[in-house]
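**Q** Take a look at the following structure, please.
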């Protein structure tokens with residue numbers, strides 16, 4: 001079974017780009033359980049998803065801004081052509097799930113795992129982002145029981161941020177599969193995290209300019225071994 005949860009040491013570190021790359025690398029489906037910051041009318045559901053997933057969705061409608069941002073699922077489809085499962089929750093405010101749901105006046109439901117394999121699941125933000133005021137992301141990952149891949153940057157501050165995130169995952173019972181780095185090569189930071197964190201270093205994805213389906217696929221093949229995700 002090749003099913004992985006992707007989380008990060010923070011926001012805007014390249015987690016979604018790595019998740020897209022991994023989805024393409026292993027030929028998986030992609031699922032973003034909770035998507036914030038997107039008007040629901042801007043979402044487009046793929047036609048090939050099973051009806052039960054659609055029926056389980058909990059969405060909140062909002063007026064579209066002039067330039068609606070792209071959902072993570074749409075980005076993954078554009079980068080890889082992969083099938084994506086519909087979000088369980090879509091909320092318009094670009095905030096953590098717990099607060100976006102409160103402002104929308106809805107309760108985030110239970111988030112059972114879909115029956116799909118291989119599957120890449122991307123969490124919202126970092127490891128301790130609140131899904132609700134009673135449930136942190138890492139606690140949800142532990143409940144699922146799937147291996148977790150932590151995405152980290154390579155630059156200044158990453159050692160402390162990554163070791164803290166690893167400890168937060170492990171103390172809550174998560175099974176850490178390894179760390180995937182995004183950014184310029186920094187051999188000492190990467191090796192230090194692997195050694196002190198006693199964690200597998202899965203590889204490194206450079207910042208890509210331009211970021212295209214071809215450049216992402218090539219960078220994933222160069223930086224990661226598919227057998228590490230078998």
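Numbering (our numbering), first residue to last: 1 to 230. Every residue, glycine too, gets a C-beta built ideally from N, C-alpha and C. Predicted model, so just to flag it, every value in this text is computed and none were measured.
1. To which residues of the same chain is residue 16 closer than 7 Å at the C-beta, ignoring the five residues directly before and after it?
2. Can you look up residue 128 in the DSSP assignment and give me helix, strand or coil?
3. Can you check which of these residues, 154, 97, 114, 158, is closest to residue 134 by C-alpha distance?
4. Which residue wins for smallest C-alpha separation from residue 106, given the options 119, 114, 113, 91?
5. At 3 residues or longer, what runs of the beta strand (DSSP E) sit wholly inside the region 65-146?
6. What is the DSSP secondary structure of residue 17, reduced to helix, strand or coil?
7. For residue 84 and residue 175, I'd like the C-alpha separation in whole angstroms.
8. Assuming contact is defined by CB atoms lying nearer than 8 Å, are residue 152 and residue 164 in contact in what I supplied?
9. Could you tell me which residues DSSP pairs with residue 36 in its beta bridges?
10. At the level of alpha carbons, what is the spacing between residue 63 and residue 100?
11. Based on Cα-Cα distance, which residue from 158, 166, 210, 27 lies nearest to residue 186?
12. With burial defined as no fewer than 16 other Cβ atoms inside 10 Å of the residue's Cβ, what is the status of residue 61: buried or exposed?
**A** The structure says:
1. In the chain shown, the residue the question calls residue 16 occupies position 16. Closer than 7 Å at Cβ, skipping near neighbours: 72, 75, 122.
2. Position 128 of the chain shown holds residue 128. Coil at residue 128, not helix or strand.
3. Start at 1 with the first residue of the chain shown, and residue 134 comes out as number 134. For residue 134, the nearest C-alpha among the options comes from 97.
4. Taking the chain shown and counting its residues from 1, the one referred to as residue 106 is at position 106. Closest option to residue 106, Cα to Cα, is 91.
5. For the beta strand (DSSP E) assignment, the uninterrupted runs of no fewer than 3 residues enclosed by the region 65-146 are, from N- to C-terminal side, 89-91, 119-126, 130-132.
6. Sequence index remark: in the chain shown, residue 17 carries index 17 (1-based). In the structure shown, residue 17 sits in a helix (DSSP, three-state: H, G or I).
7. Taking the first residue of the chain shown as 1, we reach residue 84 at position 84. Taking the first residue of the chain shown as 1, we reach residue 175 at position 175. So the two alpha carbons sit approximately 24 Å from each other.
8. The residue you call residue 152 lines up with position 152 of the chain shown. The residue you call residue 164 lines up with position 164 of the chain shown. Not a contact, by the Cβ cut-off of 8 Å.
9. Reading the chain shown from its first residue, position 36 is the one you call residue 36. Answer is 91.
10. In the chain shown, residue 63 corresponds to position 63, counting from 1. In the chain shown, residue 100 corresponds to position 100, counting from 1. In this prediction, residue 63 has a pLDDT of 41, which is less than 50 and means its spatial position is unreliable; nothing more can be read from the coordinates.
11. Position 186 of the chain shown, counting from 1, holds the residue named residue 186. Per the Cα distances, 158.
12. Along the chain shown, one-based indexing puts residue 61 at 61. With a pLDDT of only 39 at residue 61, under the threshold of 50, the placement of this residue in the model should not be trusted; the figure read from the coordinates follows. Exposed is the label assigned to residue 61, since fewer than 16 other Cβ atoms lie within 10 Å of its Cβ.
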